[in-house]
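Residue numbers (our numbering): 208 to 589.
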């Protein structure tokens, strides 16, 4: 995947395959299916209060659940349950807890450079930092994002998707901030540009900000909105220059050729959910999802399946620093793909359930788990 130097790789297999410690707070009982939507705003005021309640200081923060990590210059930044943010300045030997203004679970994190970063999570929370993760402030939450979606839908009156988009946005406003965000990316502009902050999440949440989170617009608004009338969950985005690919629930694939201004729905080679996507160096795209489904190709040229993988859902596809791809699956296995070669298993030590990996070198990764971070040395394979 083509990413800025400090970008956190795509991941977030939420709402579908993580263990109960991570899954339970994400949407609540019965919410794994889009059709099972429930209006919970009136029934769960305490959950909404977590958006205004600072994260508790933990006695053993490195034993708590972590979901994602990114690099802020040389610093490692990991995020997880109940607003937990951990920082390490010594390659993971020691960790300390950052000051965070919310106590909702945080699902993803990305940095533009060594200082500016963002984390997203439950309740539609979007947090920002200007000091490498030491201190965070909330720049948006679910109510604000839903309002931005509704206002954007109203401005798209007359487009083919306007009516469905407006109805869906109104439901999000009525429900309150109970929808988790699952992906955050910072996309750099050409020199002199301000960059684009992209967030994706449950029930079709997809917004972008050009000012670091102060103002938000529905993704694809200039092109008439996203063709996602059911509000299917969006799990991941892959970006190569001005070409974007969003992937999600029930085989959802949305493609943009103009830097996210407009999106078209494209045929999927698989009807199940996609949880991760990568833009590969050879010009192809990689899709990974349920039951070990991994496909290579492009929207216009078609897709080819990758054979030889076990039927465990792939939670994360991440580019290996020196080339190739690592695939982390629900069974806790790591697989490696190289062009022209069959998939090969990468030995891992015995670990608790893993949520994601942050590649550090060709043979070193930071693994995030239900009981904290783990630095893993991998065999030096081609």
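Built from N, CA and C at the ideal position, the CB exists for glycine as well. Since the structure is predicted, the reported quantities are computational estimates derived from the model, not experimental observations.
When we look at the beta-carbon of residue 488 and count the other beta-carbons within 10 Å, is it buried (16 or more) or exposed?
-> As a position in the chain shown, residue 488 is number 281, starting the count at 1. Looking at its Cβ environment, which holds fewer than 16 other Cβ atoms inside 10 Å, residue 488 is exposed.
Just the Cα atoms here: how many angstroms apart are residue 297 and residue 365?
-> In the chain shown, counting from the first residue as 1, residue 297 sits at position 90. In the chain shown, counting from the first residue as 1, residue 365 sits at position 158. So the two alpha carbons sit approximately 55 Å from each other.
In the DSSP assignment, find the unbroken beta strand (DSSP E) run with residue 460 in it and report its ends.
-> Translated into the one-based positions of the chain shown, residue 460 becomes position 253. That run of the beta strand (DSSP E) goes 460 to 463.
Is the beta carbon of residue 311 less than 8 Å from the beta carbon of residue 330?
-> Indexing the chain shown from 1 puts residue 311 at position 104. Indexing the chain shown from 1 puts residue 330 at position 123. Yes, the pair counts as a contact, with Cβ atoms nearer than the cut-off.
Neighbourhood of residue 513 by C-beta distance below 6 Å, restricted to the same chain and skipping five residues each side | Position 306 of the chain shown holds residue 513. Excluding sequence neighbours, residue 513 sits near 501.
Identify, in the order they occur along the chain, each residue of the same chain with its Cβ nearer than 8 Å to the Cβ of residue 418, setting aside the five sequence neighbours on each side.
-> What you label residue 418 is simply residue 211 of the chain shown in a count that begins at 1. 401, listed in sequence order.
Alpha carbon to alpha carbon, what distance is there between residue 550 and residue 524?
-> Position 317 of the chain shown, counted from the first residue, corresponds to residue 524. Position 343 of the chain shown, counted from the first residue, corresponds to residue 550. Straight-line spacing of the CA atoms in residue 524 and residue 550 works out to 13 Å.
Distance, residue 346 Cα to residue 406 Cα | In the chain shown, the residue the question calls residue 406 occupies position 199. In the chain shown, the residue the question calls residue 346 occupies position 139. In this structure, the straight-line span from the alpha carbon of residue 406 to that of residue 346 is close to 13 Å.
Determine the DSSP secondary structure at residue 509, reduced to helix, strand or coil.
-> As a working note, residue 509 is residue 302 in the chain shown. Residue 509: strand per DSSP, three-state reduction.
Excluding five sequence neighbours on each side, which residues of the same chain lie with their C-beta closer than 8 Å to the C-beta of residue 343?
-> On the chain shown, residue 343 is found 136 positions in, with the first residue counted as 1. Around residue 343: 292, 305, 306, 307, 308, 326, 334, 335 and 336.
In the DSSP assignment, what residue or residues form a beta bridge with residue 318?
-> Translated into the one-based positions of the chain shown, residue 318 becomes position 111. Here residue 318 is bridged, per DSSP, to 324.
Among the residues of its own chain, which have a CB less than 7 Å from the CB of residue 371, if the five just before and after it don't count?
-> For the purposes of this step, residue 371 is taken as the residue at position 164 of the chain shown. Its chain contains 436 as the residues whose beta carbon lies nearer than 7 Å to that of residue 371, once the 5 sequence neighbours on both sides are disregarded; these appear in chain order.
Mark residue 385 as exposed unless 16 or more other C-beta atoms lie within 10 angstroms of its C-beta, in which case mark it buried.
-> In the chain shown, counting from the first residue as 1, residue 385 sits at position 178. Buried: at least 16 other Cβ atoms inside 10 Å.
May I ask you to list the residues that DSSP assigns as paired with residue 373?
-> The residue you call residue 373 lines up with position 166 of the chain shown. Answer is none; residue 373 lacks a bridge partner.
C-alpha distance - residue 290 paired with residue 518, whole-angstrom precision | In the chain shown, the residue the question calls residue 290 occupies position 83. In the chain shown, the residue the question calls residue 518 occupies position 311. Roughly 33 Å separates the two Cα atoms.
What is the rounded straight-line gap between the Cα of residue 506 and the Cα of residue 265?
-> Position 299 of the chain shown, counted from the start, is the residue given in the question as residue 506. Position 58 of the chain shown, counted from the start, is the residue given in the question as residue 265. Per the coordinates, the alpha-carbon of residue 506 lies some 46 Å from the alpha-carbon of residue 265.
Expressed to the nearest angstrom, what Euclidean distance is found between the alpha-carbon atoms of residue 241 and residue 440?
-> As a working mapping, residue 241 is identified with position 34 in the chain shown. As a working mapping, residue 440 is identified with position 233 in the chain shown. In this predicted model, residue 241 has a pLDDT of only 39, less than 50, meaning its place in the structure is not dependable; the value taken from the coordinates is given anyway. Their Cα atoms are separated by approximately 8 Å.
Between the Cα of residue 481 and those of 294, 445, 458 and 267, spot the shortest distance and give me the residue it belongs to.
-> On the chain shown, residue 481 is found 274 positions in, with the first residue counted as 1. The shortest C-alpha separation from residue 481 is found at 458.
Cut-off 7 Å between Cβ atoms - residues of its own chain near residue 379, not counting five sequence neighbours on either side = Translated into positions along the chain shown, residue 379 becomes position 172. Taken in chain order, the residues that qualify are 353, 356, 386 and 410.
Give every residue of the same chain whose Cβ lies closer than 8 Å to the Cβ of residue 568, excluding the five residues on either side of it in the sequence, and list them in chain order.
-> What you label residue 568 is simply residue 361 of the chain shown in a count that begins at 1. Counting only residues of its own chain and dropping the five nearest sequence neighbours on each side, residue 568 has a CB closer than 8 Å to the CB of 528.
In terms of residues, what are the limits of the beta strand (DSSP E) holding residue 276?
-> The residue given as residue 276 occupies position 69 in the chain shown. Here the beta strand (DSSP E) through residue 276 covers 273 to 279.
Are residue 575 and residue 274 closer than 8 Å when you measure CB to CB?
-> Locating residue 575 in the chain shown gives position 368, where the first residue counts as 1. Locating residue 274 in the chain shown gives position 67, where the first residue counts as 1. One thing to note: residue 575 has its Cβ within 8 Å of the Cβ of residue 274.
Return the CA-CA distance between residue 238 and residue 328, expressed in angstroms with no decimal places.
-> Sequence index remark: in the chain shown, residue 238 carries index 31 (1-based). Sequence index remark: in the chain shown, residue 328 carries index 121 (1-based). Here the model assigns residue 238 a pLDDT of 35, short of 50, so the residue's position is not dependable and the matter cannot be decided.
Can you tell me which of 375, 390, 536 and 360 puts its alpha carbon nearest to the alpha carbon of residue 317?
-> As a working note, residue 317 is residue 110 in the chain shown. Between residue 317 and the set 375, 390, 536 and 360, the nearest pair of CA atoms involves 390.
Of the choices 453, 511, 447 and 471, whose alpha-carbon is the least far from that of residue 477?
-> Start at 1 with the first residue of the chain shown, and residue 477 comes out as number 270. Comparing Cα-Cα distances from residue 477 to each of 453, 511, 447 and 471, the minimum goes to 511.
Which one of 453, 499 and 468 has the shortest CA to CA distance from residue 486?
-> By 1-based counting over the chain shown, the position of residue 486 is 279. When 453, 499 and 468 are compared, the shortest CA-CA separation from residue 486 is found for 453.
Compute the Euclidean distance between the alpha carbons of residue 463 and residue 430, then round it to the nearest angstrom.
-> Position 256 of the chain shown, counted from the first residue, corresponds to residue 463. Position 223 of the chain shown, counted from the first residue, corresponds to residue 430. Between residue 463 and residue 430, the C-alpha separation is close to 10 Å.
List the residues that DSSP assigns as beta-bridge partners of residue 493.
-> Indexing the chain shown from 1 puts residue 493 at position 286. Residue pairing from DSSP places residue 493 in a beta bridge opposite 485 and 503.
At 4 residues or longer, and completely inside the segment 386 to 422: list those alpha helix (DSSP H) runs for me, N to C.
-> For the segment 386 to 422, there is no continuous alpha helix (DSSP H) assignment of 4+ residues that stays within its boundaries.
Can you tell which of 351, 555, 447 and 503 has its C-alpha closest to the C-alpha of residue 545?
-> Along the chain shown, one-based indexing puts residue 545 at 338. For residue 545, the closest C-alpha among the options 351, 555, 447 and 503 is that of 503.
Contact check, residue 404 vs residue 413, beta carbons under 8 Å | Position 197 of the chain shown, counted from the first residue, corresponds to residue 404. Position 206 of the chain shown, counted from the first residue, corresponds to residue 413. No; because the gap between Cβ atoms is not below 8 Å, this pair is not in contact.
Boundaries (first-last residue) of the alpha helix (DSSP H) holding residue 362 | As a first step, residue 362 is located in the chain shown; it is residue number 155 there, counting from the start. For residue 362, the uninterrupted alpha helix (DSSP H) segment begins and ends at 349 to 362.
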